[in-house]
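Read in order, the letters of the sequence shown are residues 525 to 892 in our numbering.
Glycine included, every Cβ here is placed at the ideal spot set by N, Cα and C.
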Amino acid sequence: MSKTQETVLEIDLKALKHNFDYLKSRILKDTKFLVVVKAYAYGSDAREIAAYLENLNVDYFAVAYTNEGVALRDAGIIKPILVLHPQPINYKTIIDRCLEPSLYNFNSFNKFIAVASEENQKNYPVHIKFNTGLNRLGFKALDIEEIHNKLKTTSAVKVKSIFSHLAASEDLTEKKFTLNQIQIFKTISDKFISKVGYKPMLHLCNTSGILNYPEAHLDMVRSGIGIYGFGNSEKENKHFSPVVTLKSVISQIHSIEKGETVGYNRAFKSDNLIKTATIPIGHADGIGRQYGNGKGFVTIHGKRAYIVGNVCMDMIMVNVADIDCKEGDEVIIFGENPNASEFAERANTISYEIITAISQRVKRLIIK
Ligand SMILES: *Cc1c(COP(=O)(O)O)cnc(C)c1O
Numbered sequence: 525m526s527k528t529q530e531t532v533l534e535i536d537l538k539a540l541k542h543n544f545d546y547l548k549s550r551i552l553k554d555t556k557f558l559v560v561v562k563a564y565a566y567g568s569d570a571r572e573i574a575a576y577l578e579n580l581n582v583d584y585f586a587v588a589y590t591n592e593g594v595a596l597r598d599a600g601i602i603k604p605i606l607v608l609h610p611q612p613i614n615y616k617t618i619i620d621r622c623l624e625p626s627l628y629n630f631n632s633f634n635k636f637i638a639v640a641s642e643e644n645q646k647n648y649p650v651h652i653k654f655n656t657g658l659n660r661l662g663f664k665a666l667d668i669e670e671i672h673n674k675l676k677t678t679s680a681v682k683v684k685s686i687f688s689h690l691a692a693s694e695d696l697t698e699k700k701f702t703l704n705q706i707q708i709f710k711t712i713s714d715k716f717i718s719k720v721g722y723k724p725m726l727h728l729c730n731t732s733g734i735l736n737y738p739e740a741h742l743d744m745v746r747s748g749i750g751i752y753g754f755g756n757s758e759k760e761n762k763h764f765s766p767v768v769t770l771k772s773v774i775s776q777i778h779s780i781e782k783g784e785t786v787g788y789n790r791a792f793k794s795d796n797l798i799k800t801a802t803i804p805i806g807h808a809d810g811i812g813r814q815y816g817n818g819k820g821f822v823t824i825h826g827k828r829a830y831i832v833g834n835v836c837m838d839m840i841m842v843n844v845a846d847i848d849c850k851e852g853d854e855v856i857i858f859g860e861n862p863n864a865s866e867f868a869e870r871a872n873t874i875s876y877e878i879i880t881a882i883s884q885r886v887k888r889l890i891i892k
């Protein structure tokens with residue numbers, strides 16, 4: 525990979541393809557594949573990622589919010605896009621831009637039907653979400669009767685899929701809970717199908733669901749984190765390749781005498797002569813203050829340089845006392861080694877949080 529002269533987030537499309545192929549190898553040929561590209565494709569670049577995947581065998585995309593779906597349509601993405609959490613204020617936009625809403629309670633369901641009717645829609649595709657234990661969004665089994673009664677009164681919408689979301693698919697100590705969620709979803713979908721008299725697509729699994737619960741793949745799976753290179757366990761991570769590498773550069777090197785301090789509020793006080801390097805990446809770029817004061821580190825010439833003092837908005841200072849380095853040298857924040865998951869552990873968080881935190885001002889560089 526190229527040597528950088530500024531802070532960049534490299535996006536490796538070869539790694540993306542590798543992860544996609546690996547996940548495909550874990551599902552049946554007829555199972556559809558939805559890629560979750562919410563939150564700028566997990567902090568990378570949703571347009572680039574979706575455009576690349578559209579040419580592979582991806583069946584569906586999903587985003588969280590309507591504006592994310594609109595951005596993909598603006599970029600020319602034509603595959604179906606499921607909007608997981610649209611707000612009623614955007615329903616007209618959803619229809620205008622051929623986005624497909626998840627409807628999860630009677631408020632969202634009735635309002636969407638009203639807007640679709642007003643817009644003279646016929647069989648507009650909608651996705652009904654059921655709550656099977658995450659207790660975040662979703663109808664209950666008891667609601668099926670009323671959903672059916674409402675559907676009978678309109679031809680404006682047609683249920684294209686029913687789905688649910690697993691709460692702890694990555695945690696094998698919660699296997700009993702997850703198997704119960706799978707069972708509840710099966711009961712719900714059987715009941716739904718027998719009521720409405722046709723079979724919508726059924727889907728339940730996120731990345732860890734794909735890896736740990738093959739019996740629950742159903743008609744389609746939904747992968748986010750796996751596509752970006754994380755399997756949510758040490759064992760599974762080996763099969764994946766991180767798509768993004770966050771890199772930077774040494775802007776300046778300082779000698780810090782014993783007794784001197786570094787950074788805001790003098791949070792670091794040196795008890796001997798050290799050397800620090802100032803790196804142009806800070807909390808406004810996504811490296812939160814919790815990584816400060818020795819928690820987080822960067823890698824320079826393969827060696828760890830720990831953050832000294834507080835993380836600034838635009839910079840960090842790292843201890844390079846034991847590293848032979850100079851201004852202009854390359855700095856790795858995370859990528860292959862350490863990967864984002866290992867980096868995130870230092871601040872007691874997870875890969876999902878650190879990769880989605882990389883702010884939009886960091887330049888994205890696509891590696892083909
Ligand atoms: C974000 C999300 C996913 C993707 O989960 P991963 O663990 O990243 O694979 C799947 N389904 C729903 C409903 C989501 O919100």
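Heavy atom of ligand 1 within 7 Å of residue i beta-carbon
i      : result
Ile749 : yes
His763 : no
Thr711 : no
Val560 : yes
Ser732 : yes
His689 : yes
Leu608 : yes
Arg746 : yes
CB contact flag (residue i, residue j, <8 Å)
i      : j      : result
Thr800 : Val842 : yes
Val720 : Val683 : yes
Leu580 : Lys553 : no
Asn817 : Ile831 : yes
Lys850 : Ile777 : yes
Glu892 : Leu537 : The sequence shown places Lys at residue 892, rather than the Glu named in the question. Contact: yes.
Val559 : Val587 : no
Lys548 : Asp583 : no
Gly833 : Val786 : yes
Rounded separation between residue i and residue j - CA only
i      : j      : result
His807 : Pro724 : 45 Å
Pro947 : Leu627 : Residue 947 lies beyond the range of the chain shown here (525 to 892); nothing can be said about it.
Tyr752 : Asn789 : 37 Å
Ile734 : Tyr876 : 17 Å
Val835 : Val681 : 51 Å
His689 : Lys793 : 48 Å
Asn631 : Gly600 : 31 Å
Val844 : Gly783 : 17 Å
Thr802 : Tyr546 : 39 Å
Thr731 : Arg870 : 23 Å
Lys759 : Lys710 : 29 Å
Tyr615 : Ala563 : 20 Å
Met837 : Ile882 : 13 Å
Ser779 : Thr656 : 58 Å
Lys674 : Glu643 : 18 Å
Ile857 : Ala864 : 8 Å
Ala575 : Ala595 : 12 Å
His825 : Asn659 : 46 Å
Gly750 : Asp809 : 23 Å
Asn704 : Asn861 : 37 Å
Thr531 : Lys887 : 7 Å
Ile551 : Cys729 : 11 Å
Leu889 : Ala565 : 14 Å
Asp620 : Thr590 : 11 Å
Ala934 : Ile811 : Nothing can be reported for residue 934: it is not among the residues displayed for the chain, which extend from 525 to 892.
Phe585 : Arg746 : 9 Å
Neighbour-count burial assignment, residue i, 16 or more Cβ in a 10 Å radius
i      : result
His651 : buried
Cys622 : exposed
Gly859 : buried
Lys646 : exposed
Phe636 : buried
Lys653 : buried
Glu781 : exposed
Thr769 : buried
Leu666 : exposed
Lys771 : buried
Glu694 : buried
Glu902 : Within the shown structure, residues of the chain are numbered from 525 to 892, placing residue 902 beyond reach of any answer.
For residue i, the three-state DSSP class (helix, strand or coil)
i      : result
Thr531 : coil
Tyr589 : coil
Val844 : coil
His609 : coil
His763 : coil
Glu642 : helix
Ala740 : helix
Asp514 : Because the chain here runs from 525 to 892, residue 514 falls outside it and cannot be looked at.
Phe716 : helix
Ser944 : For residue 944 there is no data in the structure shown, the boundaries of the chain being 525 and 892.
Leu552 : coil
Leu703 : helix
Ala539 : helix
Leu675 : helix
Ala570 : helix
Proximity test, Cβ basis, 8 Å: residue i and chain D
i      : result
Tyr752 : This model lacks chain D altogether; it includes just one protein chain.
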